[in-house]
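K.L.:
Numbering (my numbering), first residue to last: 335 to 587.
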């Protein structure tokens with residue numbers, strides 16, 4: 335035992351042992367510095383932070399200005415979202431959310447509102463009133479009530495057309511009135527069949543009937559119709575319309 339103690343006393347006083355102890359201490363200090371100082375610094379632990387401002391409902395320019403002044407970057411999501419509350423073009427969603435603490439310089443992702451979703455009014459011609467109600471509900475539209483009308487071939491109780499007309503673009507939740515065939519022709523004029531007639535010849539006929547020409551769209555004809563001739567009207571022929579009613583035309587290109 336005494337020999338072991340004597341050997342230990344000799345070893346610990348040697349230069350090699352002292353150097354080894356110093357090396358161990360240096361390693362421990364370095365490990366501590368890396369773990370407690372360098373790593374957190376690289377991870378951004380000492381970076382300054384701030385609260386993300388509330389951007390919802392702001393315009394594009396106002397949102398970008400608010401983020402820049404707060405020290406954050408911004409990125410707009412390509413695809414927007416529909417909203418019944420936030421107007422189109424305004425900020426609808428932000429990530430991170432308002433009030434969150436984030437590192438200065440972080441990018442905040444912004445999503446624009448597309449406003450109310452738009453839909454095309456379905457063609458309800460010839461459907462029953464119940465079928466028309468179901469189709470309007472599925473399209474996200476509201477039945478604004480029925481109006482009595484008349485048609486040469488559509489039976490009583492069936493839908494003649496809608497107001498606005500089928501094919502028109504409206505917003506979800508808009509009201510659409512339904513014209514039901516009920517034999518009501520008083521004060522109304524029959525819309526003739528203009529299909530195949532040149533549009534230049536249609537204008538004077540429309541004037542004589544007391545109707546107005548609405549939109550005139552060109553479309554390639556699959557049946558070889560003459561360029562400029564009528565392919566289709568909306569409302570369609572056979573409908574009894576009030577004087578001053580607007581009629582839309584699709585003509586051959």
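Here a beta-carbon is modelled for each residue, glycine too, at the ideal position from N, C-alpha and C.
Give me whichever residues DSSP pairs with residue 574 in a beta bridge.
P.N.:
On the chain shown, position 240 is the one that residue 574 refers to. Residue 574 pairs with 524.
K.L.:
If you compare alpha carbons, which of 490, 543, 477 and 492 is closest to residue 581?
P.N.:
Position 247 of the chain shown, counted from the first residue, corresponds to residue 581. Measuring from the Cα of residue 581, the nearest candidate turns out to be 543.
K.L.:
For residue 403 and residue 474, I'd like the C-alpha separation in whole angstroms.
P.N.:
Stepping through the chain shown from its first residue, residue 403 is reached at position 69. Stepping through the chain shown from its first residue, residue 474 is reached at position 140. Taking the straight line joining both Cα atoms gives about 41 Å.
K.L.:
Helix, strand or coil for residue 429? Go by DSSP, reduced to three states.
P.N.:
Start at 1 with the first residue of the chain shown, and residue 429 comes out as number 95. DSSP places residue 429 in strand when its eight states are reduced to three.
K.L.:
Count Cβ pairs between the region 443-458 and the region 503-516 that sit closer than 8 Å; are there 3 or more?
P.N.:
Judged by Cβ distances under 8 Å, the region 443-458 makes contact with the region 503-516, as three or more pairs qualify.
K.L.:
Helix or strand or just coil, what does DSSP make of residue 486?
P.N.:
Numbered from 1 along the chain shown, position 152 holds the residue referred to as residue 486. Reduced to three states, the DSSP call for residue 486 is coil.
K.L.:
If you follow the alpha helix (DSSP H) that residue 462 is part of, which residue opens it and which one closes it?
P.N.:
Along the chain shown, one-based indexing puts residue 462 at 128. Looking at the DSSP string, residue 462 is not in any alpha helix (DSSP H), and its letter there is neither H nor E.
K.L.:
For residue 359, does the three-state DSSP call read helix, strand or coil?
P.N.:
Translated into positions along the chain shown, residue 359 becomes position 25. Helix at residue 359.
K.L.:
Mind checking residue 578: buried by the 16 CB within 10 Å criterion, or exposed?
P.N.:
Translated into the one-based positions of the chain shown, residue 578 becomes position 244. Flag for residue 578 reads exposed.
K.L.:
Any idea what DSSP makes of residue 515, helix, strand or coil?
P.N.:
Looking up residue 515 in the chain shown gives position 181. Note: residue 515 maps to strand in three-state DSSP.
K.L.:
When DSSP labels each residue in this structure, what does residue 294 get in the three-state scheme?
P.N.:
Missing from the structure shown is residue 294; the chain here goes from 335 to 587 and no further.
K.L.:
I'd like to check one pair, residue 432 with residue 392: are the Cβ atoms closer than 8 Å?
P.N.:
In the chain shown, residue 392 corresponds to position 58, counting from 1. In the chain shown, residue 432 corresponds to position 98, counting from 1. Taking 8 Å as the Cβ cut-off, residue 392 and residue 432 do not qualify as a contacting pair.
K.L.:
How many whole angstroms separate the CB atoms of residue 454 and residue 501, which I take to be in contact at a CB cut-off of 8 Å?
P.N.:
Residue numbering aside, residue 454 sits at position 120 when the chain shown is read from its first letter. Residue numbering aside, residue 501 sits at position 167 when the chain shown is read from its first letter. The pair is a contact, with the Cβ atoms about 6 Å apart (cut-off 8 Å).
K.L.:
Between the Cα of residue 523 and those of 411, 509, 485 and 516, spot the shortest distance and give me the residue it belongs to.
P.N.:
The count along the chain shown starts at 1 and reaches residue 523 at position 189. Looking at the Cα atoms, 485 is the closest of the given residues.
K.L.:
To the nearest angstrom, how far is it from the Cα of residue 421 to the Cα of residue 384?
P.N.:
Position 87 of the chain shown, counted from the first residue, corresponds to residue 421. Position 50 of the chain shown, counted from the first residue, corresponds to residue 384. So the two alpha carbons sit approximately 28 Å from each other.
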